[in-house]
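Residue numbers (mature numbering (1 follows the signal peptide of the UniProt record, and there is no 0)): -21 to -1, 1 to 654.
Right, here's the structure in full:
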């Protein structure tokens, strides 16, 4: 009685096993066919070489369930080539990722009825996406970001009722956003950014009430503004509509998006005032409305945005004062308000929250002093306040702000001394303090035992700084630009300046520097610009300067330099602009090499310099002559020498005459005595 059921069960078991084996063999052959279309580095698919279909589930990037291939993940395998349409034979596949490779050509995904996850991003796929989407009706995630897809946005996607994530950004889709995309009501993520889309953004997208993230900007060029219907997207967390030429006003309806933590509307043509209703977005962490044409003042209602970390309003037409409450925002890290028309003082408590990392208030009309506690917790990295009307001293605390990487305070009315240690901070790579009223001496580095400074650019020009150039400047081994012109620095140029092997531009002009040009300047092999004009330098030009083979600009005019101009300068083939004027150079001007290209005005004011194109032709007298002062001294010495010689000869003659007379008398007396 029990034999028949056993036979039946055995039969179906054998049939099931046979079907299972047959299906796995089918999956095996599909994957082998796919591999044949791939190009890859040797180890990438090394496990895909087995001849046994049963081993397919142990292949790298392959996952099975109940003996069938359900997932293929080849993300970042450095694969190239094409993807065979036979991939549709993996009929149990739920997850497919080919992301981060270099696949080319078209791709067609169809009849993968189990497919839920599809990621083909960051490849070179091209053509359109007009697939038969009914064959992948269970798809929930579709990521085609950063490929070369063209044509119109696919309408077949509308049949994907379960689609939650749609990423078509970074391609070349053209035309308008279909209004029917507003029917994809299951969407939680939608990105069409970085395409060639035009037309108006359809208000129907406001029906996507499950949407949490929306990206429509970058390279798209839309007409009109932000649809007020977007105020219905109450689950929205991240909205990025930046850089797509939106115009008009910011809809006040966006104030309904209470879950929003990021709102990016920068680089558009938005105008009008900032809606006070955005103050309702109390979960907002990132707000960027920069680079528009917004007017008015910063709304007082923004004082409730206590979660705000990034607050950018730069490059607009805003005016009024910076509200004091900005300094009280407890989480503020980045504040960018530059290039507006803000007036008044900077809130003096700014930075006391201990989290401020970037502050840029440049190109406004701000007055008053720099707040004293901007770097209260050593978090401040970037401080840019240039082009304002700020006065008073630079806060001493900045001299110990070890987190600073960039300081730009130029073109203000700051006075007092530069805080000790500021230009030697370990992470600082840019310091611009030019065009102020700073005075005093540059300090030496008191902490020379610390890690080498990273300063690459230092601009202190147009101030009232004085004293000698500190030797510590020579330890700034990363320095590429050093601008100290129009100050009152005095004393010699330290020979250690030759240690600045990376310096490209060196401007010491219009100071009170004296002494000779150190020959060590020839060790600054990367110099392209050197200006030491309008100082009190003396002596000769060191021939070592010709070691700087890529020097393009040289100005040593209006000093007291003398002797010959070295012929070796003519070998500096990169030197196209040079000025030796108004010194005391003498002798024949070399005419070979680069000298043949310099204008005669470059040598004006050197009366003892001769040459064929200087209107002062050379002759023996001019070639051998020395400056007039020295020539006058020589004539005086020569005259004195002649006088002394005459006196010596006269004295010798008198002595000799007396001696002759005395001898004659003695001879006469001797003769008398003999008679």
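Where a beta carbon is used, it is the ideal one built from N, C-alpha and C, also for glycine.
In this text the structure is predicted, and so the values were computed from the model without any measurement.
Contact under 8 angstroms by Cβ, residue i with residue j
i           : j           : result
residue 201 : residue 177 : yes
residue 187 : residue 159 : no
residue 453 : residue 469 : no
residue 439 : residue 413 : yes
residue 583 : residue 561 : yes
residue 564 : residue 585 : yes
residue 496 : residue 477 : no
residue 157 : residue 182 : no
residue 253 : residue 268 : yes
residue 42  : residue 35  : no
residue 80  : residue 114 : no
residue 263 : residue 242 : yes
residue 409 : residue 377 : no
residue 354 : residue 382 : yes
residue 148 : residue 184 : no
residue 297 : residue 335 : no
residue 46  : residue 5   : no
residue 433 : residue 407 : yes
Boundaries of the beta strand (DSSP E) in which residue i is found, first to last residue
i           : result
residue 459 : Per DSSP, residue 459 belongs to no beta strand (DSSP E) and is neither H nor E.
residue 50  : 47 to 52
residue 565 : 563 to 567
residue 296 : 296 to 300
residue 436 : 436 to 438
residue 243 : 241 to 243
residue 275 : 272 to 275
residue 217 : 217 to 219
residue 194 : 192 to 194
residue 107 : Run containing residue 107: none; DSSP gives neither H nor E here.
residue 556 : 556 to 558
residue 447 : It is not in any beta strand (DSSP E) - residue 447 carries neither H nor E in the DSSP assignment.
residue 343 : Segment: none, residue 343 is in no beta strand (DSSP E) and carries neither H nor E.
residue 420 : 416 to 420
residue 318 : That residue, residue 318, is in no beta strand (DSSP E); it is neither H nor E in DSSP.
Distance, residue j Cα to residue i Cα
i           : j           : result
residue 37  : residue 104 : 28 angstroms
residue 23  : residue 56  : 6 angstroms
residue 18  : residue 102 : 14 angstroms
residue 33  : residue 3   : 7 angstroms
residue 292 : residue 8   : 58 angstroms
residue 295 : residue 437 : 30 angstroms
residue 553 : residue 532 : 9 angstroms
residue 350 : residue 266 : 24 angstroms
residue 281 : residue 419 : 42 angstroms
residue 538 : residue 510 : 12 angstroms
residue 577 : residue 567 : 15 angstroms
residue 446 : residue 458 : 21 angstroms
residue 63  : residue 136 : 22 angstroms
residue 248 : residue 303 : 28 angstroms
residue 365 : residue 82  : 48 angstroms
residue 215 : residue 356 : 34 angstroms
residue 392 : residue 385 : 19 angstroms
Environment of residue i [buried if 16+ CB atoms lie within 10 Å]
i           : result
residue 141 : exposed
residue 642 : Legend: pLDDT at residue 642 = 42, less than 50; position of this residue unreliable, value from coordinates given subsequently. Answer is exposed; the Cβ neighbour count stays below 16.
residue 204 : buried
residue 229 : buried
residue 326 : buried
residue 367 : buried
residue 313 : buried
residue 330 : buried
residue 529 : exposed
residue 486 : buried
residue 571 : exposed
residue 237 : exposed
Sequence-distant residues of its chain with Cβ nearer than 6 angstroms to residue i (five each side left out)
i           : result
residue 129 : 151
residue 53  : 40, 77
residue 484 : 460, 508
residue 490 : 466, 468, 514
residue 109 : 133
residue 143 : 119, 165, 167
residue 85  : 106
residue 545 : 520, 522
Residues near residue i by beta carbon distance below 8 angstroms, same chain, minus five either side
i          : result
residue 93 : 49, 70, 71, 72, 73, 117
residue 16 : 60, 61, 62, 63
Neighbourhood of residue i by C-beta, 7 angstroms cutoff - its chain only, sequence neighbours within 5 removed
i           : result
residue 20  : 57
residue 597 : 567, 589, 590
residue 609 : Any reading at residue 609 must be qualified, since the residue scores a pLDDT of 42, below 50, and its modelled position is unreliable; the value itself is stated next. Nothing listed; no residue qualifies.
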